[in-house]
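Under my numbering, the final residue of the sequence shown carries the number 287; numbering is consecutive throughout. From the three backbone atoms N, C-alpha and C, an ideal C-beta is built for every residue, glycine too. Quantities reported herein were computed from a predicted structural model and do not represent experimental measurements.
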Amino acid sequence: MALRYEPITTNKGLQVLRYFYKFVATDWQHLPREELPDQGFELLLRRSCVTDLSGWQISPEWELGLGSELITASGVRHEIDVVASHPGVLAIAELKNRPGCPPGKNDVIIFFAKILDYVAHNPKVLLREVLPVFVSSCALEDATLAACLGLGIHPVAPGLRPLPLLADSLERIKDEMARNSALPEKATKLWDDTCAGFNRLGLGLAETWLSARCGYISDELINLRATLDVESYEMGRELRQVNSHCSAILEAFRSQKAAR
């Protein structure tokens, strides 16, 4: 079965999503913990972004202007954990590491409201690709994941790639399968189901992304498009399943190469 995917982010957007995923899936597991409520999760991720994301402007601590000294429609400034800015791309990230207390759906909704409060006073923000990202050091609860997907926020957690990164991983797998005539049996069995699930995700979430929902009209006007009913809980289950299949296929390839 073929992958059907309309890119929802640029290569630069994919770069920052890949970096966030690598941090929670790999780097954070080996970093020392700080004597802070979040064990230094936000501090260390921001510091690593400054070091490793060449060409990106990374917001400082206690950023209250969306990286550009902006004000909000409400007149109340909001702290955003990390704002990563690159010409043409604005990644806005909420970071959560609360040991024993996974983030809830209200955390997602408040994050979304903060972004809209900035956008409602600064339509020019929408002239760039805006990537809202919810980054968690632990697995997301079903309602939290559903809230992310229904609001067009990219969820990132260990073992949970956001849709653009998942698409990139599957394209790489497809290329490997095209080059390799002796495929691992497990990869072959999972591939069609993985593609079918991914295609359902692409179709089901197409209208949720911020670029599909909001658009710039003028310096004083934005449009806001209502979305159709989104089966966000079902999409969450699908995203988990496709991620699991993707990881299993990648592991099958790694095992095959190690055995050579």
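Residue i to residue j span [Cα, whole Å]
i, j, result
"T221", "F68", "32 Å"
"A239", "A233", "8 Å"
"G40", "K213", "31 Å"
"R360", "F280", "This structure cannot settle anything about residue 360, because the visible part of the chain is limited to 28 through 287."
"E261", "C273", "18 Å"
"P185", "K123", "12 Å"
"K216", "P129", "34 Å"
"R73", "D54", "13 Å"
Proximity below 8 Å, CB of residue i to CB of residue j
i, j, result
"P191", "V183", "no"
"L158", "I119", "yes"
"D144", "S101", "yes"
"L156", "G92", "Note on identity: in this sequence residue 156 is Glu, with Leu being the wrong assignment. Against a cut-off of 8 Å, the Cβ pair of G92 and E156 comes out as no contact."
"L180", "L277", "The sequence given here has Ile at residue 180, not Leu. Going by C-beta atoms, I180 is not nearer than 8 Å to L277."
"V110", "G94", "yes"
Option in the options with minimal Cα separation from residue i
i, options, result
"H113", "S86, E90, R281, I107", "S86"
"A275", "L197, F47, L248, N149", "L197"
"S271", "G231, S245, I249, W218", "W218"
"L30", "R264, D195, L248", "D195"
"S259", "K132, P129, A174, L248", "A174"
"E33", "I249, E278, G229", "G229"
"Y48", "E96, E265, S245, C165", "C165"
"D256", "L266, L178, G224, L248", "L178"
Cross-strand partners of residue i (DSSP beta bridge)
i, result
"H363", "Examination of residue 363 is not possible in this model, given that the chain is present from 28 through 287 alone."
"P159", "I119"
"A184", "L187"
Whole-angstrom C-beta distance between residue j and residue i, which should lie under 8 Å
i, j, result
"V152", "V146", "5 Å"
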